[in-house]
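**Q**
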Amino acid sequence: MAMKSHTASSAKGTRGKSVLVLLWATGASEREFLLGFSRYARRHPNWSINLLRARESFSADALDAIESGAYDGIVTDEATLQQNPLIRPTKRTALVVFGTRPSAPAYACQRISYIENDNTDVGRLGARHFLDLGSFASYGFVLTTVPHGWAKDRARGFREELDAHGCTSAVFDPRKAKRTLSDWIRALAKPAAVMVAWDNIAIEAIAAAHRAGCSVPGQVSVLGVDNDDILCNFSSPSISSISPDHDENGFLAAGELDGWLSGSFRKGNRLKVCSGKSLVVRESTAPIAPAAHLIHSAREFIRRNATRDISVKDVVEFLGVSRRLADLRFAEFNNGSIRETILRYRLEEVRKLLLATQLPIVRIARACAFNSVSHLETLFRQRFGDTMLRWRQRHLQSDRSNQSADD
């Protein structure tokens with residue numbers, strides 16, 4: 001096997017099978033993919049492999065060679081394929097793609113294989129890691145700026161695993177966000193567990209947490225994907241990361257290419273899924289501090305007793321610590337003081353009763369330990385931007401509209 005980095009035009013006229021590999025090879029996943037690919041390709045010394053790994057390598061000659069069908073096989077990744085429409089499978093050229101297979105075939109001539117990680121399970125593993133660490137107040141996932149299918153799959157797996165354990169999660173989508181990542185992290189209840197689509201975003205998430213005044217991992221734990229050793233250990237704190245088996249992906253890709261080049265595969269749209277993965281724990285997901293557990297216990301006590309007329313004193317006595325220490329921990333790990341947290345939970349109970357019952361406002365106020373209806377009206381309007389009656393009518397109408405649409 002010859003591994004070369006010259007221009008694509010040199011592939012013309014070579015003996016054996018000509019193969020073009022188009023990968024930037026700047027990240028850990030691509031470098032490990034190449035190692036796995038070469039491990040298999042060494043079995044085939046008649047493969048002439050041309051590696052293009054920089055944007056500057058896309059010369060006119062290289063593009064002409066791709067368009068004219070000079071290669072028997074092309075191996076590339078999902079992003080490169082999207083950016084370069086000339087890269088496609090033909091009767092002459094088989095295509096192997098490292099990335100998510102589209103739901104609908106994109107090519108009339110189907111001589112193409114997709115190599116995927118089990119990205120949904122990657123997300124599930126991230127969620128299980130956080131669940132094993134202890135009770136977080138909130139969970140979040142940060143997507144990529146470009147809408148990659150693998151990133152969405154990881155977010156879905158993360159959300160589904162948390163849902164199965166009765167936990168909700170928020171998603172930060174940079175393409176749709178109306179606020180910065182720092183503001184989004186600041187708004188998460190602390191301690192917060194944040195998984196990101198890949199390690200590069202983990203660097204950004206830690207910087208955003210610091211700009212938001214949040215410590216990592218004290219108030220925000222961050223988990224990446226790809227286990228890029230240089231990035232993960234360069235960061236401060238170092239980044240915990242899930243490591244998909246990219247070496248195995250490369251090996252599978254070479255195996256698929258072998259099937260096309262040898263004639264074992266005639267035509268079709270093939271998929272190989274790699275399920276191997278491991279988790280490397282570093283500083284960014286250190287176990288939750290005892291102080292964070294203290295706040296979690298306090299929030300649970302407040303939630304369970306939200307409809308009773310509990311006070312700050314009741315919460316402090318439940319915790320068994322001094323008022324000064326309780327105030328200090330709430331300032332460090334909670335969005336709001338003890339008094340503000342009690343009020344937030346009581347107002348949430350008011351909203352639940354407004355939606356779930358037809359009780360009059362005065363009875364709802366009494367049920368949630370508000371002695372003054374007018375005071376409750378003021379607090380509700382300040383928090384939710386409307387009176388209780390209008391809020392109830394608007395949301396009930398919205399629910400009925402949604403039910404009609406479903407019918």
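Per the numbering used here, the sequence shown runs over residues 1 to 407. For each residue, glycine too, the CB sits at the ideal point set by N, CA and C. None of these values were measured; they are calculated from a predicted model.
1) State the DSSP-derived secondary structure class of W47, mapped to helix, strand or coil.
2) To which residues of the same chain is G140 closer than 8 Å at the C-beta, ignoring the five residues directly before and after it?
3) Can you list, in chain order, the residues of its chain whose CB lies under 8 Å from that of F37, leaving out five sequence neighbours each side?
4) Can you tell me whether N46 is buried or exposed, with buried defined as 16 or more other CB within 10 angstroms of its CB?
5) First and last residue of the beta strand (DSSP E) that includes L223?
6) Can you tell me where the alpha helix (DSSP H) with N200 in it begins and where it stops?
7) Can you tell me whether T217 is buried or exposed, with buried defined as 16 or more other CB within 10 angstroms of its CB?
8) Could you tell me the boundaries of the beta strand (DSSP E) in which E116 lies?
9) Answer yes or no: do F301 and F318 have a C-beta to C-beta separation smaller than 8 Å?
10) At the level of alpha carbons, what is the spacing between D132 and V373?
11) DSSP on P290, reduced to helix/strand/coil?
12) For W198 and D229, which I take to be in contact (beta-carbon distance under 8 Å), what is that distance rounded to the nearest angstrom?
13) Between the alpha carbons of N84 and R282, how many angstroms are there, rounded?
14) Measure how close the beta-carbons of D77 and T120 come, nearest whole angstrom, since I'm counting them as under 8 Å.
15) Measuring alpha carbon to alpha carbon, tell me which residue in Q382, H246, A41, L325 is nearest A25.
16) I'd like to confirm the pairing. Which residues does DSSP put opposite D77 in its beta bridges?
17) Can you tell me which of M388, L396, R381 puts its alpha carbon nearest to the alpha carbon of V362?
18) Quick check: the Cα distance between Q358 and W150, rounded to an integer number of angstroms?
19) Going straight from the alpha carbon of G276 to that of L125, what length do you get?
20) Assign S138 to one of three DSSP states: helix, strand, or coil.
21) What is the DSSP secondary structure of R423, counted as helix, strand or coil?
22) If you draw a straight line from the C-alpha of S48 to the C-alpha of Y71, how long is it?
23) Could you give the distance in angstroms between the alpha-carbon of A137 and the alpha-carbon of K91?
24) Please list the terminal residues of the continuous alpha helix (DSSP H) segment that includes L270.
25) Can you list, in chain order, the residues of its chain with a C-beta nearer than 6 Å to that of G286? Leave out the 5 residues immediately preceding and following it.
26) What do you get for G213, buried or exposed, if any count of 16 or more other CB atoms within 10 angstroms of its CB means buried?
27) My guess is that L347 and R383 are in contact by the Cβ rule of under 8 Å, so how many angstroms apart are they, rounded?
28) Measure the alpha-carbon distance for E67 versus I87 and round it to whole angstroms.
29) So what's K152 in DSSP terms, helix, strand or just coil?
30) When you compare the CB positions of A202 and V220, do they come within less than 8 Å of one another, or not?
31) Taking three-plus beta-carbon pairs below 8 Å as touching, is the segment 104–120 in contact with the segment 255–263?
32) Under DSSP, the beta strand (DSSP E) around K17 begins and ends at which residues?
33) Could you work out which residue in L355, A94, S264, A104 is closest to H395 when comparing CA atoms only?
34) Return the first residue and the last residue of the alpha helix (DSSP H) that S311 is part of.
35) What is the DSSP secondary structure of I87, reduced to helix, strand or coil?
36) Kindly list the residues whose CB is nearer than 6 Å to the CB of D118, restricted to its own chain and excluding five residues on each side of it in sequence; keep chain order.
**A** Result, derived from the coordinates:
1) DSSP places W47 in strand when its eight states are reduced to three.
2) S169, A170, V171, F172, W184, I185, L188, A192, A193, V194, M195, listed in sequence order.
3) Excluding sequence neighbours, F37 sits near V21, V75, G250, F251, A253, A254.
4) Exposed is the label assigned to N46, since fewer than 16 other Cβ atoms lie within 10 Å of its Cβ.
5) 220–225 is the extent of the beta strand (DSSP E) around L223.
6) For N200, the uninterrupted alpha helix (DSSP H) run begins and ends at 199–211, by DSSP.
7) Reading off the sequence shown, one finds Pro at residue 217, where the question assumed Thr. Around the Cβ of P217, a 10 Å sphere holds 16 or more other Cβ atoms; the residue is buried.
8) First-last of the beta strand (DSSP E) with E116: 111–117.
9) Yes, these two residues count as a Cβ contact at 8 Å.
10) When only Cα atoms are considered, D132 and V373 end up about 43 Å apart.
11) Correct three-state label for P290: helix.
12) So it is not a contact: roughly 14 Å between Cβ atoms.
13) Distance between the alpha carbons of N84 and R282 is about 37 Å.
14) Going by Cβ atoms, the distance from D77 to T120 rounds to 19 Å, so no, they are not a contact pair.
15) Of Q382, H246, A41, L325, the smallest CA-CA separation from A25 is found for H246.
16) Here D77 is bridged, per DSSP, to F98.
17) Answer by Cα proximity: M388.
18) Rounded to whole angstroms, Q358 to W150 spans 45 Å at the Cα level.
19) Spanning the alpha carbons of G276 and L125 requires a straight line of approximately 12 Å.
20) Note: S138 maps to strand in three-state DSSP.
21) Outside the displayed span of the chain (1 to 407) sits residue 423, for which this structure offers no information.
22) Rounded to whole angstroms, S48 to Y71 spans 10 Å at the Cα level.
23) So the two alpha carbons sit approximately 55 Å from each other.
24) Residue identity differs from the one stated: residue 270 is Arg in this sequence, not Leu. Element bounds for R270: not the alpha helix (DSSP H) but the beta strand (DSSP E), 268–274.
25) At residue 286 the sequence reads Ala, which differs from the Gly that was named. Cβ neighbours of A286 beyond the five flanking positions: P217.
26) Burial state of G213 is exposed, judged by a 10 Å Cβ sphere holding fewer than 16 other Cβ atoms.
27) About 6 Å; that satisfies the 8 Å criterion.
28) I87 has its alpha-carbon roughly 7 Å from the corresponding atom of E67.
29) K152: helix per DSSP, three-state reduction.
30) No, Cβ-Cβ distance for A202 and V220 is not below 8 Å.
31) When C-beta atoms of the segment 104–120 are compared with those of the segment 255–263, three or more pairs fall below 8 Å, so the two segments count as touching.
32) It spans 17–22 - the beta strand (DSSP E) in which K17 sits, taken as one unbroken run.
33) Nearest of L355, A94, S264, A104 to H395, Cα basis: L355.
34) For S311, there is no enclosing alpha helix (DSSP H), since its DSSP letter is neither H nor E.
35) Three-state DSSP puts I87 in coil, outside helix and strand.
36) The answer, listed in chain order, is V273, S275.
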